Amino acid sequence: MAVVFEKTKALTDLKMHYCPGCAHGIVHRLLAECLEESGDVKDAIVAVPVGCAVFANKYFNFDGIQCAHGRAPATATGVKRVQKDKIVITYQGDGDLASIGTCEIVHAAARGEKITTIFINNGIYGMTGGQMAPTTLPGMKATTAKNGRDPAVNGFPLRVSEMLATLDGPAYIERVSVSTPAQVTQAKKAIQKALEIQKKGLGFTFIEVVSSCPTNWGMTPVKAMEFVREKMIPYYPLGVYKDITAEGGK
Amino acid sequence: MAKVLMKGNEAIGKAAIEAGCRYFFGYPITPQSELPEYLSSELPKVGGMFVQAESEVSAINMVYGAAAAGARVLTSSSSPGIALKQEGIGYITNASLPAVIVNMMRGGPGLGTIQPGQADYHMTVKGGSNGDYQNIVVAPASVQEAVDMVMEAFDLADHYRVPVIVLADGLIGQMMEPVEFHYVPKWDLPEKDWALRGKGDGEKHMVENLVMEARECEEWNLAHYRVYRKIEEQEQDWEEYKLEDAEYAFVAYGTVSRIVKSAISQLREEGYKIGLIRPKKLWPFPQKAFDRWDGQIKKYLDVEMSMGQMVQDVAYACNDKHKIEFYGRTGGIVPGVEEIVVFAKKIMGGDK
Amino acid sequence: MAKGKVTINEDICKGCGLCVSVCPKQVLELSKTKINASGYNPAEAVNDECIACTSCAKMCPDCAITVERF
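And the structure:
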């Protein structure tokens, strides 16, 4: 009998504080597995956000720094410019990255900082209790948009991958999801590719993960994953938005 | 090393390099832009790195990352830009990281004016970020002193693991004076075994800022304050000028102290027994200077390029608010010798 | 005949049910009788149809599942 799946050593034994069914745990595991499999755990440094993942550094079994809200790309820039040979990752949610930290992520991407950003897009502020995020879908309810996001009042969601793909700095941008086992497999491949490109020093890499928030969406974890497939992904289509390593670039 | 004639902002850049700083993250703002300009060309020559950030906020958060990664790192700005940096200064402070921040003050508030001022005393000495904390604040009065203080600032930052703010003004930044660079480390500093370098074969390092339990957060703060008490005991720094027979003492720092010295010369020629206590560090404030001279000083004449932001500290230091008289100009006006002489004479009893 | 085996770490399972929802052989269910220290009904294997596809483990946010193949 052979073990075909067990917890990666690149995660600590701490029990994660996330709500039942929260996909942060899945994405944490994917990042950790990628680093373990490539032998890079010893060289990894993660910059974590303000939001539900603020304690992610406790779960990763490698170096980490807790950043100010939205500033992880700037802080990671400081780390990477000093530790040029290390693998520097930012792990950020949508309030952190697409609202208060829009400036930082756009410019880190434009500079082609040799870091990898993992962007969890679940269309809601989780830690503060379900307020409207920059990525909340039109019509989607939030505690600060109780009747659903009204574009006439609240404007429209940001499609960050598409926006960053217009820049010359990024080397790789892919939007993935983790609502099915097949998507999880694809998400892992995307993270692997991004980390490889970072190691080669080719530029900024960005993986957006369309995710769920069962608690603040008011759904069971399984229903929330259905919502991801039926509502989120049509608005945030999955796929590769930029890949300078592809034939002829993209 | 022979003296060279340098502009304050550029001399500060060279001083940082001499002290082993190899990283600068900043954003343009008058009147400090010569500093990033200088370092953008000089740092690469010594294997260093200059990054022009997209904002002051980003710049200070880059400093946070570089400091966490174990580097000697510098940023600089002027008043409104320093206001923007307050977020990151709080984070760097909370994480017990060393960094040096130069503030070439201009008149405020808001966009204010680009002329020199001293109205960021409260923001830097009392803390402009949230929470209980202090930063070491050094206040040079000449280009040479700016050079020496910047070098010392890196040692202080590393030794105590605190941010150090170099609080100068546009005049110090813009004026040219002959300077020499002679960096002698203040301490034999240990290796930064806490820095983020990838864990290698060892234990992982974490630079943290959020504390969930209030009790634990209080412990963090108390640990910082134990360091602050040490700094208050060890690092007070001031100049005593013509105090031996003085009955009155000016209290002034930075650019204004130079003008005050000219006023003292004039007043002494007319027979007034007046000297100067010049804080070279604003935090820790030089309490010991006041303890030493308080017995013979009748009145303290606090002169500033602000509306009296230092007055409370002088009052606390001499323990008698009635002994303090204040004269200040604001909004970027540098007071002249004459107006200071007139002010002092009024306090000391008119013309002799 | 089982080709694989899932082992649930019941202490850290939060009973979210994502593993249950993706198992192609309906091997897993949330326990109706067990409650762990955190108050959750952990997932448990209820038959021996496991084919070791690891879909459950891939979806588990808490790394609570180990999969073995015969």
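Residue numbers (my numbering), protein chains in the order written: chain A, 1 to 250; chain B, 251 to 602; chain C, 603 to 672. By construction, the Cβ of each residue, glycine as well, lies at the ideal position given by its N, Cα and C atoms. These numbers come from a predicted model, not from an experiment.
Opposing strand residues paired with residue i [DSSP bridges]
| i | result |
| --- | --- |
| tyrosine 577 (chain B) | B:Val553 |
| aspartate 40 (chain A) | Per DSSP, none; premise fails for aspartate 40 (chain A). |
| arginine 671 (chain C) | A:Ala2, C:Gly606 |
| alanine 647 (chain C) | C:Leu630 |
| arginine 528 (chain B) | B:Glu489 |
| glycine 93 (chain A) | A:Ile120 |
| tyrosine 273 (chain B) | B:Met299, B:Val323 |
| glutamate 427 (chain B) | B:Met256 |
| arginine 356 (chain B) | B:Pro366 |
| alanine 47 (chain A) | A:Ile65, A:Thr90 |
Chain-ordered neighbours of residue i on chain A, where CB pairs are closer than 7 Å
| i | result |
| --- | --- |
| lysine 216 (chain B) | Only positions 251 to 602 of chain B appear in this structure, which leaves residue 216 (chain B) out of reach. |
| alanine 647 (chain C) | Within chain A, no residue comes near alanine 647 (chain C); the closest Cβ sits about 14 Å away, beyond 7 Å. |
| alanine 654 (chain C) | Val4 |
| asparagine 459 (chain B) | Gln66 |
Range of the contiguous beta strand (DSSP E) that encloses residue i
| i | result |
| --- | --- |
| phenylalanine 300 (chain B) | 299-302 |
| aspartate 243 (chain A) | 239-243 |
| phenylalanine 119 (chain A) | 116-121 |
| proline 663 (chain C) | Run containing proline 663 (chain C): none; DSSP gives neither H nor E here. |
| arginine 175 (chain A) | 170-177 |
| alanine 53 (chain A) | That residue, alanine 53 (chain A), is in no beta strand (DSSP E); it is neither H nor E in DSSP. |
| alanine 499 (chain B) | 498-501 |
| proline 413 (chain B) | 413-419 |
Chain-ordered neighbours of residue i on chain B, where CB pairs are closer than 7 Å
| i | result |
| --- | --- |
| glutamate 104 (chain A) | Ser308 |
| alanine 68 (chain A) | Asn311, Glu337, Gly338, Tyr341 |
Status (buried if at least 16 other CB within 10 Å, exposed otherwise) for residue i
| i | result |
| --- | --- |
| tyrosine 566 (chain B) | exposed |
| phenylalanine 62 (chain A) | buried |
| leucine 14 (chain A) | exposed |
| arginine 356 (chain B) | buried |
| methionine 225 (chain A) | buried |
| asparagine 216 (chain A) | buried |
| aspartate 650 (chain C) | exposed |
| serine 291 (chain B) | exposed |
| glutamine 628 (chain C) | exposed |
| proline 237 (chain A) | exposed |
| arginine 465 (chain B) | exposed |
| arginine 476 (chain B) | exposed |
| phenylalanine 60 (chain A) | buried |
| valine 429 (chain B) | buried |
| glutamate 453 (chain B) | exposed |
First and last residue of the uninterrupted alpha helix (DSSP H) at residue i
| i | result |
| --- | --- |
| tyrosine 383 (chain B) | Counting along the chain, tyrosine 383 (chain B) falls outside any alpha helix (DSSP H), and DSSP gives it neither H nor E. |
| lysine 58 (chain A) | 56-59 |
| tryptophan 437 (chain B) | Tryptophan 437 (chain B) -> no alpha helix (DSSP H), and no H or E assigned at all. |
| threonine 77 (chain A) | 72-82 |
| tyrosine 475 (chain B) | 464-484 |
| aspartate 63 (chain A) | Unbroken run through aspartate 63 (chain A) is the beta strand (DSSP E), 63-66; no alpha helix (DSSP H). |
| phenylalanine 206 (chain A) | Where phenylalanine 206 (chain A) is concerned, there is no enclosing alpha helix (DSSP H), although the beta strand (DSSP E) it sits in stretches over 204-210. |
| phenylalanine 227 (chain A) | 221-227 |
| asparagine 216 (chain A) | 214-217 |
| phenylalanine 540 (chain B) | 537-543 |
| cysteine 22 (chain A) | Element bounds for cysteine 22 (chain A): n/a, residue is neither H nor E. |
Interface residues of chain B facing residue i [CB-CB closer than 8 Å]
| i | result |
| --- | --- |
| threonine 75 (chain A) | Asn311, Met312, Tyr314, Gly315, Ala318 |
| glutamine 198 (chain A) | Under the 8 Å cutoff, chain B gives no residues; its nearest Cβ is about 13 Å from glutamine 198 (chain A). |
| aspartate 63 (chain A) | Leu446, Arg447, Gly448, Lys449, Lys454, His455, Met456 |
Cross-chain neighbours of residue i in chain C, by beta carbon under 8 Å
| i | result |
| --- | --- |
| methionine 1 (chain A) | Lys607, Glu670, Arg671, Phe672 |
| valine 240 (chain A) | The premise fails here: valine 240 (chain A) is roughly 21 Å from chain C at the closest Cβ pair, so nothing lies under 8 Å. |
Residue i: contacting residues in chain B (beta-carbon distance under 9 Å)
| i | result |
| --- | --- |
| glutamine 183 (chain A) | Those do not exist, as glutamine 183 (chain A) stays about 30 Å from chain B at its closest Cβ, beyond 9 Å. |
Beta-carbon neighbours of residue i, restricted to chain A and to distances below 9 Å
| i | result |
| --- | --- |
| glycine 450 (chain B) | Lys42, Asp43 |
| valine 619 (chain B) | Residue 619 (chain B) lies beyond the residue range present for chain B, which begins at 251 and ends at 602; the question has no answer from this structure. |
Members of the stretch 78-100 of chain A near chain B, C-beta cut-off 7 Å: Gly78, Val79, Arg81, Val82, Gln83, Lys86
Contact list for the stretch 656-669 of chain C against chain A, Cβ threshold 9 Å: Thr656, Ser657, Cys658, Ala659, Lys660, Met661, Cys662, Pro663, Asp664, Cys665, Ala666, Ile667, Thr668, Val669
Chain C contacts from the stretch 5-28 of chain A (Cβ-Cβ distance under 8 Å): Phe5, Glu6, Lys7, Thr8, Leu11, Lys15, Met16, Tyr18, Cys19, Pro20, Gly21, Cys22, Ala23, His24, Gly25, Ile26
Members of the stretch 206-235 of chain A that neighbour chain C once the beta carbon cut-off is set at 8 Å: Pro214, Thr220, Pro221, Val222, Met225
Chain A contacts from the stretch 609-630 of chain C (Cβ-Cβ distance under 7 Å): Ile614, Lys616, Gly617, Cys618, Gly619, Leu620, Ser623, Val624
Near-chain A residues of the stretch 304-328 of chain B - C-beta to any C-beta below 9 Å: Glu304, Ser305, Val307, Ser308, Ala309, Ile310, Asn311, Met312, Val313, Tyr314, Gly315, Ala316, Ala317, Ala318, Ala319, Gly320, Ala321, Val323
Short-range partners of chain B found in the stretch 42-55 of chain A, where Cβ spacing is below 9 Å: Lys42, Asp43, Ala44, Ile45, Ala47, Val50, Val54, Phe55
Contact set between the stretch 262-291 of chain B and chain A, restricted to residues whose Cβ is under 7 Å from the partner: Tyr273, Phe275
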